[in-house]
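Numbering (the numbering used here), first residue to last: 374 to 898. One structure is given here, and the rest of the page talks about it.
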């Protein structure tokens, strides 16, 4: 008997007896209908494939813009922006804490001028853009809107997603700025602002991906992500919003591992759990409010620096699992990402992987290919039970935010990560090329390297903007942000005014830090 990564048994043979009293005609339902186990849309990929995104961003805005044009020319149907660490943490490129990190793991964006260069010659009313940004999500979204308005594109024409899931930062990723309560306040301000100003925008991508990368089991990934989703919905309702006004724009973000059967079961279970929560707990009546729509990224944590070409096989399998599980959009990792930022060729190969799945296989010819599979249906039931058990434990703490404050989710994930590492070290789980089938001499691989001078160039650019802008106007804008943060006024409107006056992202974050403070995590669970 095998064991899933979530610790659930895998039987050698499955049949009708695996699920007592199972009547598939009654239980499975149809795609596009509550509880959406079989997919959120009736036709799924038989009408059109999923959105093919490629996550990219490095160095300067100009370099990243060049990569975006390469990806669009190669056939990608949506852009995903990676920001560098200082941008993610609300620091400008000339801040002392940004030294050595500018442009390294993503693109450096300090002002709206950088955003303008990033999307130069890209039609923002025609391309769907996803931005992986959390604590400063409001700032980057407003910069994007200002660039669009400069091109005479209305906010009503913009389509995309900001991750904006700060709760998972406290659990698994660490790029938080403000305390949880203040972060939730900012999130609900974004919900309210976008409902009025950018109605087609997905205001949050509630993310389990980074929990998976930190070592969460599939069950933990879904349980803690959906618990965070509940917290966001509660916060928005408490702020006076109607659930059906904002819930249709909620989206999720999950990882896809090489364990195809468990991953497919995980996605199916997640859809029906969320549908029932929205219908039963929050009384959402709009079917779109009950749908769990999600983006998937293949599992970077499973990629190896040893024999990196083997990662091409891993990514293809992970992408297949995501598609069989019914994802709405997909990013496939490049085979060289365990070594460095992807080269142009590696990024193109990653996109080609998706295109082969979409256009050369037959999995898009039918909706929900695994429906009725004895093993998948049984595993869906089993992982659903484990997910609900973990979600109940989170509720016993008083919800996701309270559980975060005592470190519950972080502790659970770190324990699972440790156990999984031990299994690899003992050879109980095989990693090809690492603990089995290794080779004595690895082939030399030349990775993409970011020019270390980028930090100096970006600093000079930022200082020139500060010297030429109307600093009195910027100060007035920043003061207005502070006043709004001290009250219940939506901070998005004064923030947009300040950014339009060339305030930097770091200056906006500092204004909010002054009012809300910084978050310091608990040392011990």
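The beta-carbon is built from N, C-alpha and C at its ideal position, and this holds for glycine as well. Keep in mind that this is a model prediction, so the values were computed, not measured.
Consult DSSP for residue 669 and reduce its assignment to one of helix, strand or coil. The sequence position of residue 669 within the chain shown is 296, counting from 1. Strand, per DSSP.
Beta strand (DSSP E) containing residue 534: first to last residue? Within the chain shown, numbered from 1, the residue matching residue 534 stands at position 161. Residue 534: member of the beta strand (DSSP E) spanning 533-535, first to last residue.
According to DSSP, what are the bridge partners of residue 505? Mapped onto the chain shown, residue 505 falls at position 132. For residue 505, which the question treats as bridged, DSSP gives the partners 455.
Quick one: residues in its chain with C-beta nearer than 7 Å to the C-beta of residue 673, no 5 flanking neighbours on either side, listed in chain order? In the chain shown, the residue the question calls residue 673 occupies position 300. Here the set comprises 586, 706 and 710.
Using a Cβ-Cβ cut-off of 6 Å (strictly less than) and excluding sequence neighbours within five positions of residue 888, which residues of its own chain qualify? Here residue 888 is taken as the residue at index 515 of the chain shown, counted from 1. Same-chain partners within the cutoff: 855, 858 and 859.
To which residues of the same chain is residue 743 closer than 7 Å at the C-beta, ignoring the five residues directly before and after it? Position 370 of the chain shown, counted from the start, is the residue given in the question as residue 743. Within the same chain, residue 743 has close Cβ partners 637, 697 and 749.
Would the segment 557-571 count as touching the segment 611-626 if we require 3 or more Cβ pairs under 8 Å? The answer is yes - the segment 611-626 touches the segment 557-571, with three or more Cβ pairs under 8 Å.
Could you give the uninterrupted runs of the alpha helix (DSSP H) lying entirely in the segment 652-711, keeping only those of 4 residues or more? Fully enclosed alpha helix (DSSP H) runs of 4 or longer: 660-663 and 683-697.
Under the DSSP definition of a beta bridge, which residues are partnered with residue 427? Within the chain shown, the letter at position 54 stands for residue 427. BP columns for residue 427 point to 452.
Proximity below 7 Å, CB of residue 790 to CB of residue 782: Looking up residue 790 in the chain shown gives position 417. Looking up residue 782 in the chain shown gives position 409. Contact: no.
Proximity below 7 Å, CB of residue 500 to CB of residue 452: Position 127 of the chain shown, counted from the first residue, corresponds to residue 500. Position 79 of the chain shown, counted from the first residue, corresponds to residue 452. Yes; because the gap between Cβ atoms is below 7 Å, this pair is in contact.
Report the three-state DSSP secondary structure of residue 898 (helix, strand or coil). Reading the chain shown from its first residue, position 525 is the one you call residue 898. Low confidence applies here, because residue 898 scores a pLDDT of 45, under 50, leaving its location unreliable and the question unanswered by this model.
Could you name the residues of the same chain whose beta carbon sits closer than 8 Å to that of residue 607, not counting the 5 residues immediately before and after it, in chain order? Numbered from 1 along the chain shown, position 234 holds the residue referred to as residue 607. The answer, listed in chain order, is 772.
Ends of the beta strand (DSSP E) at residue 587? Start at 1 with the first residue of the chain shown, and residue 587 comes out as number 214. Premise fails: residue 587 lies in the alpha helix (DSSP H), 582-587, not in any beta strand (DSSP E).
Whether residue 797 touches residue 804 by CB criterion (7 Å): On the chain shown, position 424 is the one that residue 797 refers to. On the chain shown, position 431 is the one that residue 804 refers to. Cβ distance < 7 Å, so residue 797 and residue 804 count as in contact.
So, with DSSP's three-state summary, where would you put residue 500? Within the chain shown, residue 500 is the residue found at index 127, counting from 1. The three-state secondary structure of residue 500, taken from DSSP, is coil.
Tell me whether the beta-carbon of residue 850 lies closer than 7 Å to the beta-carbon of residue 874. As a position in the chain shown, residue 850 is number 477, starting the count at 1. As a position in the chain shown, residue 874 is number 501, starting the count at 1. Contact: yes.
With 16 other Cβ atoms within 10 Å as the buried cut-off, status of residue 454: Taking the first residue of the chain shown as 1, we reach residue 454 at position 81. Classification of residue 454: buried, given that the 10 Å Cβ count is 16 or more.
Pairwise C-alpha distance: residue 377 and residue 435: Against the chain shown, residue 435 aligns to sequence position 62. Against the chain shown, residue 377 aligns to sequence position 4. Going by C-alpha positions, residue 435 is about 44 Å away from residue 377.
Could you tell me whether the segment 627-645 touches the segment 684-700, using the rule of 3 or more Cβ pairs below 8 Å? Pairwise C-beta distances place the segment 627-645 in contact with the segment 684-700, as three or more of them are shorter than 8 Å.
Residues near residue 898 by beta carbon distance below 8 Å, same chain, minus five either side: For the purposes of this step, residue 898 is taken as the residue at position 525 of the chain shown. Here residue 898 scores only 45 on pLDDT, less than 50, and its place in the model should not be relied on; the value that follows carries that caveat. Hits under 8 Å: 779, 780, 781, 783 and 784.
If we count the other Cβ atoms within 10 Å of its Cβ and call it buried at 16 or more, is residue 421 buried or exposed? Residue numbering aside, residue 421 sits at position 48 when the chain shown is read from its first letter. Taking all protein chains in view, the Cβ of residue 421 is surrounded by fewer than 16 other Cβ atoms within 10 Å, so the residue is classified as exposed.
Am I right that residue 872 and residue 475 are in contact with their C-beta atoms under 8 Å? What's the rounded C-beta distance? Indexing the chain shown from 1 puts residue 872 at position 499. Indexing the chain shown from 1 puts residue 475 at position 102. The pair is not a contact, with the Cβ atoms about 20 Å apart (cut-off 8 Å).
Are the segment 439-448 and the segment 408-421 in contact at 8 Å, needing three or more beta carbon pairs? Contact between the segment 439-448 and the segment 408-421 is absent, because fewer than three Cβ pairs lie under 8 Å.
Using 7 Å as the threshold, is the C-beta distance between residue 670 and residue 793 below it? Along the chain shown, one-based indexing puts residue 670 at 297. Along the chain shown, one-based indexing puts residue 793 at 420. No, the Cβ-Cβ distance between residue 670 and residue 793 is not below 7 Å.
Of all the CB atoms in chain C, is at least one closer than 7 Å to the CB of residue 813? No chain C is present in this structure, which holds just one protein chain.
Assign residue 861 to one of three DSSP states: helix, strand, or coil. Position 488 of the chain shown holds residue 861. Three-state DSSP puts residue 861 in coil, outside helix and strand.
6 Å Cβ shell around residue 867 - same chain, five flanking residues per side excluded: Working through the chain shown from its first residue, we reach residue 867 at position 494. Closer than 6 Å at Cβ, skipping near neighbours: 853, 854 and 857.
Which two residues bound the contiguous alpha helix (DSSP H) that contains residue 514? What you label residue 514 is simply residue 141 of the chain shown in a count that begins at 1. DSSP places residue 514 inside the alpha helix (DSSP H), whose first and last residues are 510-523.
For residue 645, which residues in the same chain have their Cβ closer than 8 Å to its Cβ, ignoring the five residues on either side in sequence? Numbered from its first residue, the chain shown carries residue 645 at position 272. Result list for residue 645: 408, 409, 410 and 757, in chain order.
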